[in-house]
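A short worksheet on the structure shown next.
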Amino acid sequence: NRVQGFLGPGHVCVVMGYREYEPLAERFRVPIVITGFEPIDILQGTLMTLRQLEAGTHTVENQYPRVVNRDGNKVAQDLVNSVFEVCDRKWRGVGSIPKSGYKLRYEFHEHDAERIFDVKEIDTAEPAHCISGLVLRGVKKPHDCACFGNICTPETPQGATMVSAEGACAAYYAYGRHLEGQKREQREAAEVAHA
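Start counting the sequence shown at -10; every next residue gets the next number (our numbering).
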């Protein structure tokens, strides 16, 4: 099992564009399709990814041209860069990634909530029973987790991939994939009962 393609985050690419994904598609030889979050966007993005896989290509395609372009929104980028600077950041389910986050520039320190409220180290560790880090990295699927659809739902998320609507676990749940695990358990229970 390995990741064979990616649906890229349309909401991020609205501002940042998708130029930075191009070397990744080339280096790892995987298609990347920038998509929106509507079901039709995801379906079309999946189709575009499958077509690249069938053709043996690995480029970045934009399924979301109604709001995304290759270079993004330069005005928004300039505003972000005038207020924030890049920093190392810890991410739930993944850990620390160098230069993957933003922090307020010093000239805005009077508005820095981390400084004002003396925020200490933020714990980004997932609960021991949660596999969302493995889901984020493409090693496991949401239904591989014993918590998925049971104690972990959009109302009671246990990890990063269920917290937001665009997370893999939340998407699987929204489209009924949590029911597959229940059906599998019911089939297994029925097989045991009939044995």
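A virtual CB, placed ideally from N, CA and C, is assigned to each residue, including glycine.
Residue i burial status per 10 Å Cβ neighbour count (16 or more: buried)
i	result
N51	buried
T145	exposed
I111	exposed
I105	exposed
Y164	exposed
F17	exposed
V49	buried
I29	exposed
P12	exposed
S85	exposed
Contacts around residue i, its chain only, beta-carbon distance under 6 Å, and the 5 residues preceding and following it disregarded
i	result
P116	Q147
P87	D77
G25	G(-1), Y53
V3	V56, V57
H47	A14, R18, V19, P20
Where the beta strand (DSSP E) containing residue i begins and where it ends
i	result
D77	73 to 80
P(-2)	-5 to -2
7 Å Cβ shell around residue i - same chain, five flanking residues per side excluded
i	result
A157	V124, P131, T150
N58	G6
M37	V22, E50, Q52
G34	L(-4), V22, T24, Q52
L42	Q(-7), G(-6), P20
V1	none
Boundaries (first-last residue) of the alpha helix (DSSP H) holding residue i
i	result
S121	121 to 125
I105	102 to 105
V(-8)	Careful: V(-8) lies outside any alpha helix (DSSP H) and carries neither H nor E.
C134	From DSSP, C134 is part of no alpha helix (DSSP H); its letter is neither H nor E.
T150	149 to 152
Cβ shell of residue i (< 8 Å), same chain only, five flanking positions each side left out
i	result
F73	Y91, K92, L93, R94
Would you be able to state if there are at least three C-beta pairs under 8 Å between the segment 116 to 132 and the segment 89 to 102? no
In the segment 15 to 88, which residue ranges form an unbroken beta strand (DSSP E) of at least 3 residues, counting only runs that do not cross its ends? 21 to 24, 49 to 51, 73 to 80
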